[in-house]
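Peer 1: Numbering (full-length UniProt numbering), first residue to last: 1 to 273.
Glycine residues also receive a C-beta, built at the ideal position from the N, C-alpha and C atoms.
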Amino acid sequence: MPPTILHSPLPLTSDCHHYTDISQVPWDIQKYYHQRHSLFHLYSSSPSSPSIHLTDAAWFGVTPEPVALQIAHDLDPPSSPTSSPTTIIDIFAGAGGNAIAFALSGKWSRVVAIERDAATLACAQNNARVYGVYDEVVWILGDSFEVLALLRAQGRGKGGVELSVLLEDMAAESTVVFASPPWGGVSYADRDVFDLSAMEPYNLAEIHEACRPMRHVLFLPRTSDIRQVAALVPKGKGEKVDVVQYCMHGASKGMVAYIPAAGEQDAEETSGS
Ligand SMILES: C[S@@+](CC[C@H](N)C(=O)[O-])C[C@H]1O[C@@H](n2cnc3c(N)ncnc32)[C@H](O)[C@@H]1O
Numbered sequence: 001m002p003p004t005i006l007h008s009p010l011p012l013t014s015d016c017h018h019y020t021d022i023s024q025v026p027w028d029i030q031k032y033y034h035q036r037h038s039l040f041h042l043y044s045s046s047p048s049s050p051s052i053h054l055t056d057a058a059w060f061g062v063t064p065e066p067v068a069l070q071i072a073h074d075l076d077p078p079s080s081p082t083s084s085p086t087t088i089i090d091i092f093a094g095a096g097g098n099a100i101a102f103a104l105s106g107k108w109s110r111v112v113a114i115e116r117d118a119a120t121l122a123c124a125q126n127n128a129r130v131y132g133v134y135d136e137v138v139w140i141l142g143d144s145f146e147v148l149a150l151l152r153a154q155g156r157g158k159g160g161v162e163l164s165v166l167l168e169d170m171a172a173e174s175t176v177v178f179a180s181p182p183w184g185g186v187s188y189a190d191r192d193v194f195d196l197s198a199m200e201p202y203n204l205a206e207i208h209e210a211c212r213p214m215r216h217v218l219f220l221p222r223t224s225d226i227r228q229v230a231a232l233v234p235k236g237k238g239e240k241v242d243v244v245q246y247c248m249h250g251a252s253k254g255m256v257a258y259i260p261a262a263g264e265q266d267a268e269e270t271s272g273s
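1. To which residues of the same chain is E239 closer than 7 Å at the C-beta, ignoring the five residues directly before and after it?
2. Compare the C-beta of S45 with all C-beta atoms of chain C and state if any pair is closer than 8 Å.
3. Which same chain residues end up closer than 6 Å to I226 when comparing Cβ atoms and leaving out the 5 residues on each side of it in sequence?
4. If you measure from the CB of V62, is any heavy atom of ligand 3 nearer than 7 Å?
5. Between the Cα of L104 and the Cα atoms of A118, P181 and E136, which residue gives the shortest distance?
6. Please look up how many angstroms separate the CB atoms of V176 and V217, rounded, as I've assumed it's under 8 Å.
7. Assuming F145 and A210 form a contact by the criterion Cβ under 8 Å, report the distance between their Cβ atoms to the nearest whole angstrom.
8. Does S174 come out as helix, strand or coil in the three-state DSSP assignment?
9. Could you check where the beta strand (DSSP E) with A257 kicks off and where it finishes?
10. Rounding to the nearest angstrom, what Cα-Cα distance links G184 and M199 in this structure?
11. Using the beta-carbon count (16 or more within 10 Å), is G272 buried or exposed?
12. Might you give, ordered along the chain, the residues of its own chain that have their beta carbon closer than 8 Å to the beta carbon of H73, omitting 5 neighbours on each side?
13. Look at the alpha carbon of G142 and the alpha carbon of I89, and state the distance between them as a whole number of angstroms.
14. Identify the continuous alpha helix (DSSP H) that holds R36 and give its terminal residues.
15. Touching or not, the stretch 24-33 and the stretch 2-12, by the rule of three or more beta carbon pairs under 8 Å?
16. Which residues in the same chain have their Cβ closer than 8 Å to the Cβ of A267, if we skip the five residues on either side of it in sequence?
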């Protein structure tokens, strides 16, 4: 199915849970359940509906709220020479940790959240409602690489009229892509230096290539090979890549790389090669 803008919340399914007792929680996510109030401080805020929901898979990947808030604080919209609205696109929205923080920051004209798994996106929409920002986000169900390809083609393609209109309104200079990709399971923690070319299902080069016309911000394993990140600096512009470790209680939760947009010349070189 082509990527679709949603106008109403997807229904929570039997895969979307709000656990209230450890006895309900599968053993492999019990560690994360103990951290539930660090992940979402409103996890148990009130017995009223809605309450925070997660799929079991989402527990492994959700960005803890203090980290998501700090990233949203650190990331400012481009001061673009055009009058286009500033847009942040969270291309791996998951259960909404980062998209909610971007919406709460109030800095962006538009927050777009893309997720290809319907149950996970239903959780993200529900969680955004808990934080009062559901209406601040444009929700897209579908493959983010298809959306990025459509964006590069300025909306021309099989994404539907409404998505085309949205994408045509996004100028590369005023759009930032945030990517918190899957890290290929939890085994990344076993490696001293994480090889980003082996990250699954998408490696660093694939993500960078899809995002590079725009400034992009990548949330990566804390042990990621910094030389592979440094190699992404756009050529010939004297640019640099800022890399920040985001810590909680003295331990890094992930490395974030702030990658400038490719210069026009650089982008042309790639499209011509
Ligand atoms: C690490 S999680 C993101 C967590 C998110 N930052 C949060 O705080 O909840 C990665 C998410 O990307 C989604 N995903 C993977 N490939 C995708 C694709 N091609 N398009 C859209 N979503 C994708 C997965 O379903 C998963 O929910």
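Peer 2: Reading off the structure:
1. If you ignore the 5 residues before and after E239, its C-beta comes within less than 7 Å of the C-beta of V233 and P260, all in its own chain and listed in chain order.
2. Among the chains of the structure shown, chain C does not appear; only one protein chain is present.
3. If we look at I226 and ignore the five residues flanking it on each side, it has no Cβ neighbours.
4. Ligand 3 is not among the ligands present in this structure, which contains only ligand 1.
5. Ranked by Cα distance from L104, the options A118, P181 and E136 are led by E136.
6. About 6 Å separates the beta carbons of V176 and V217, which is inside the 8 Å limit, making them a contact pair.
7. The C-beta distance from F145 to A210 rounds to 5 Å, short enough to fall under 8 Å.
8. Helix at S174.
9. Residues A251 to I259.
10. A direct Cα-to-Cα measurement between G184 and M199 gives close to 6 Å.
11. Bear in mind that the predicted position of G272 carries a pLDDT of just 40, short of 50, making it unreliable; the figure below should be weighed with that in mind. With fewer than 16 Cβ atoms within 10 Å of its Cβ, G272 is classed as exposed.
12. Leaving aside the five residues that flank H73 on each side, the residues in its chain whose CB is nearer than 8 Å to its CB run, in chain order, S105.
13. Those two C-alpha atoms are separated by around 13 Å.
14. Its alpha helix (DSSP H) spans residues R36 to L39.
15. With the cut-off at 8 Å, the stretch 24-33 and the stretch 2-12 do not touch.
16. Confidence in A267 is poor, its pLDDT being 48 and thus under 50, which makes the residue's placement unreliable; the coordinate value appears in the next sentence. Excluding the 5 residues flanking it on each side, A267 has same chain C-beta neighbours closer than 8 Å at R212 and P213, in chain order.
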